[in-house]
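Here the structure comes first, spelled out in structure tokens, and everything after it is commentary.
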Amino acid sequence: MPETRPVPLPYRRERSWPFAPAAELVRLRSEEPLSRIPMPIPADPDLRVWLATRYSDVRGIMADPRFSNAPGPDEPRTRTRSATPPSLLGVDPPEHTRLRRPLTREFTVRGVNAMRTRIEEIVADRLAAMERAGPPADLLRDFALPVPVLVICELLGVPYRDRGDFRRRSDTLLDHSLGQEERARAAEETAAYMRALVQRHRADPGPELLGRLVREHGAVLTDADLVGLGSLLLVGGHETTANMLALGTLLLLRSPDQLAVVRDDPDAVAPAVEELLRYLSIVHFGVIRRATEDVTVAGRLVRAGELVVCSLPSANRDRDLLPDQPDRLDVTRRPVPHVAFGHGVHQCVGQQLARAELRIALPALLRRFPDLRLDVPFERIRYRDHALVYGVVSLPVRW
Ligand code: HEM
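Note that the sequence shown ends on residue 401 in our numbering; no numbers are left out.
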């Protein structure tokens, strides 16, 4: 098979408009579903990777044990997971199973239901604070971020007063436009912070998740395991949901009919959240796997050691997943098995928590401020094209 035409770099993440995958991804999905693209990084300016854009291939790769999530022996440090302290995301079974099992019960639908009332209180508090401060507001800073940050802090046992520091580090970790050194420093600081917290819970296990992990699984989980898990949950637990909340609100503000459905019909909220997750696919360039042996994907040979990037935004707009107008937002459609939370063994641990937060926060916001609107022209909104998790830089609103 001849080498394919390289995809110009900007197409990797830039969207063709704020809510749709890059046009180049759409073209590749129909013409060249597994394509070879350059991914130059300082450590390896000639690095080339495979890009999978079709739903069936993306899902297949994520479920295939021949694709590893652990960095190879001489693999450059290209991925977010190598920037965060090593944990779940950077290991394969059986090591992955050992680390993930202690978390499973915490994050089941039942486990998350136990947190519902507290999430509702947190949402109500933040909305009341926004109302007291009066318009205008930055919806990201004043609502979309504090809600998941408070939830994950309370869940883990992380002091909320430390949020300024871990928010800053988390942004650095996920910002791929920054140098490797800067991101590595943020990873080290995150680990150091979590190490101190883990030691505190080792000495005196609190009632929160970190304390429970120490009490119930402290014999199997080392301090390094707990630091890795804690850091990943802290970062993964707020960046994603915050961006989904803010970007989801912006999308609904642009689609008033669909906004009204989410605001007015409680039964419509759960399917609407699934549609927003599918349509926005905010993890837009982070799912990377390494072939551990030669594997044929979409008729092409991926050699052992080569990297494959799975494009979730493209897969979630594929007609194989959704034959009926996949590029149209329709919050009333029956949910489909989208891959916004990934697939396979690494499928998002926190998905039920994220769903609960979105299902509570979105309608509560829209009901509290029925005339919520943008405080700047839509064209002035800036987006996080450079970050692993897509979203808005800020969201000025008034009511
Ligand atoms: C994994 C998306 C919320 C914790 C993942 C993956 C995706 C994802 C796509 C798979 C990555 C891969 O396979 O390489 C999202 C989205 C969220 C969200 C879109 C919100 C809308 C959360 C929350 C938490 C969380 C709230 C924690 C409380 C994790 C963890 C993993 C993960 C720990 C790694 C799982 C493993 O490797 O076994 N997430 N996530 N996420 N997510 Fe989430």
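Ideal Cβ positions, reconstructed from N, Cα and C, are used throughout, including at glycine.
(request) With a threshold of 16 other CB atoms inside 10 Å of the CB of ALA139, please say whether the residue is buried or exposed. (result) Counting from 1 along the sequence shown, the entry for residue 139 is found at position 137. Buried.
(message) Along the chain, where does the alpha helix (DSSP H) containing ALA274 start, and where does it finish?
(response) Taking the first residue of the sequence shown as 1, we reach residue 274 at position 272. Note, ALA274: alpha helix (DSSP H), 271-282.
(message) So VAL93 and ASN71 are supposed to be a Cβ contact under 8 Å. How far apart are they, rounded?
(response) Translated into positions along the sequence shown, residue 93 becomes position 91. Translated into positions along the sequence shown, residue 71 becomes position 69. Confirmed, Cβ separation roughly 7 Å.
(message) At a cut-off of 7 Å, would you count ARG102 as near ligand 1, judging by its Cβ distance to the nearest heavy atom?
(response) Stepping through the sequence shown from its first residue, residue 102 is reached at position 100. ARG102 has its CB nearer than 7 Å to a heavy atom of ligand 1.
(message) Could you check if HIS348 belongs to the surroundings of ligand 1, using beta carbon to heavy atom distance under 7 Å?
(response) Locating residue 348 in the sequence shown gives position 346, counting from the first residue. Answer for HIS348: yes, Cβ within range of ligand 1.
(request) Within its chain, find whatever has a CB closer than 8 Å to the CB of MET117; leave out the 5 residues flanking it on each side and keep chain order. (result) Counted from its first residue, the sequence shown places residue 117 at position 115. VAL153, LEU157, LEU355, ALA358, listed in sequence order.
(request) Compare the beta carbon distance of VAL125 and ILE362 with 8 Å and say whether it is the shorter of the two. (result) If you number the sequence shown from 1, residue 125 lands on position 123. If you number the sequence shown from 1, residue 362 lands on position 360. Their beta carbons are under 8 Å apart, which means VAL125 touches ILE362 by this criterion.
(request) Name the two residues that bound the continuous alpha helix (DSSP H) containing ALA293. (result) For the purposes of this step, residue 293 is identified with residue 291 of the sequence shown, where counting begins at 1. Counting along the chain, ALA293 falls outside any alpha helix (DSSP H), though it belongs to the beta strand (DSSP E) covering 289-293.
(message) Rounding to the nearest angstrom, what Cα-Cα distance links MET196 and ASP227 in this structure?
(response) Stepping through the sequence shown from its first residue, residue 196 is reached at position 194. Stepping through the sequence shown from its first residue, residue 227 is reached at position 225. Using only the alpha carbons, I get a separation of about 11 Å.
(message) Can you check which of these residues, ALA25, ARG29, ILE63, VAL338, is closest to ARG292 by C-alpha distance?
(response) Your numbering for residue 292 matches position 290 in the sequence shown. Proximity to ARG292 across ALA25, ARG29, ILE63, VAL338 peaks at ILE63, based on C-alpha coordinates.
(request) Measuring alpha carbon to alpha carbon, tell me which of LEU236, TRP52, GLU381, GLN327 ends up nearest ILE39. (result) The residue you call residue 39 lines up with position 37 of the sequence shown. Comparing Cα-Cα distances from ILE39 to each of LEU236, TRP52, GLU381, GLN327, the minimum goes to TRP52.
(message) Measuring only the C-alpha atoms, how far is LEU27 from ASP320?
(response) Position 25 of the sequence shown, counting from 1, holds the residue named residue 27. Position 318 of the sequence shown, counting from 1, holds the residue named residue 320. Rounded to whole angstroms, LEU27 and ASP320 show a C-alpha spacing of 11 Å.
(message) Going residue by residue through the stretch 316-374, where are the continuous alpha helix (DSSP H) segments of at least 4 residues, counting only ones entirely within it?
(response) The stretch 316-374 contains, as complete alpha helix (DSSP H) runs of 4+ residues, the segments 353-370 (chain order).
(request) Pull up the DSSP beta-bridge partners for ALA139, would you. (result) Along the sequence shown, one-based indexing puts residue 139 at 137. Paired residues: VAL399.
(message) Buried or exposed, going by whether 16 or more other CB atoms sit within 10 Å of the CB of TYR162?
(response) Along the sequence shown, one-based indexing puts residue 162 at 160. TYR162 is exposed by the Cβ-count criterion.
(message) Quick check: HIS240 and ARG280, are their CB atoms within less than 8 Å of each other?
(response) On the sequence shown, position 238 is the one that residue 240 refers to. On the sequence shown, position 278 is the one that residue 280 refers to. No, the pair does not count as a contact, with Cβ atoms beyond the cut-off.
(message) To the nearest angstrom, how far is the alpha carbon of PRO398 from that of LEU30?
(response) Walking along the sequence shown from the start, residue 398 turns up at place 396. Walking along the sequence shown from the start, residue 30 turns up at place 28. Cα to Cα, the separation comes out at about 35 Å.
(message) Using a 10 Å radius around the Cβ and a threshold of 16 neighbouring Cβ atoms, would you call ARG336 buried or exposed?
(response) As a working note, residue 336 is residue 334 in the sequence shown. By the beta-carbon neighbour count (other beta carbons within 10 angstroms, threshold 16), ARG336 is exposed.
(message) Among ASP329, PRO379, LEU376, ALA317, whose alpha-carbon lies nearest the alpha-carbon of SER58?
(response) Locating residue 58 in the sequence shown gives position 56, counting from the first residue. Of ASP329, PRO379, LEU376, ALA317, the residue nearest in Cα terms is ALA317.
(message) I'd like to know if the stretch 299-306 and the stretch 265-277 are in contact, where contact means that at least 3 CB-CB pairs between them fall below 8 Å.
(response) The answer is no - the stretch 265-277 does not touch the stretch 299-306, with fewer than three Cβ pairs under 8 Å.
(request) Tell me whether MET3 is buried or exposed, calling it buried when 16 or more other Cβ atoms sit within 10 Å of its Cβ. (result) Against the sequence shown, residue 3 aligns to sequence position 1. Here MET3 scores only 26 on pLDDT, less than 50, and its place in the model should not be relied on; the value that follows carries that caveat. Label assigned to MET3: exposed.
(message) What does DSSP give as the partner residue(s) for VAL394 in the beta ladder?
(response) The residue labelled residue 394 in the question sits at position 392 within the sequence shown. The beta-bridge partner set that DSSP reports for VAL394 consists of TYR385.
(request) Would you mind reading off the limits of the alpha helix (DSSP H) that contains VAL311? (result) If you number the sequence shown from 1, residue 311 lands on position 309. That residue, VAL311, is in no alpha helix (DSSP H); its beta strand (DSSP E) goes 309-312.
(message) Can you tell me whether PHE21 is helix, strand or coil according to DSSP?
(response) As a working note, residue 21 is residue 19 in the sequence shown. PHE21: coil per DSSP, three-state reduction.
(request) Find the nearest neighbour of ASP66 within the set PRO137, LEU368, GLY346, HIS388, judged by alpha-carbon distance. (result) Position 64 of the sequence shown, counting from 1, holds the residue named residue 66. If you compare the alpha carbons of PRO137, LEU368, GLY346, HIS388 with that of ASP66, the shortest gap goes to GLY346.
(message) Let's see if you can read the secondary structure: which residues bound the alpha helix (DSSP H) around ARG214?
(response) Position 212 of the sequence shown holds residue 214. For ARG214, the enclosing alpha helix (DSSP H) has its first and last residue at 211-219.
(message) Could you pull the DSSP bridge partners for LEU255 from this structure?
(response) Within the sequence shown, the letter at position 253 stands for residue 255. Bridge partners of LEU255: none, in fact.
(message) Here's the rule: buried if 16 or more other CB atoms are within 10 angstroms of the residue's CB, otherwise exposed. What is ALA130?
(response) Here residue 130 corresponds to residue number 128 of the sequence shown, with the count starting at 1. Counting every other CB atom within 10 Å of its CB across the protein chains shown gives ALA130 a total below 16, marking it as exposed.
(message) Taking 7 Å as the cut-off, is the C-beta of VAL310 nearer than that to any heavy atom in ligand 1?
(response) Counting from 1 along the sequence shown, the entry for residue 310 is found at position 308. Between ligand 1 and VAL310, a heavy atom-to-CB distance of less than 7 Å is absent.
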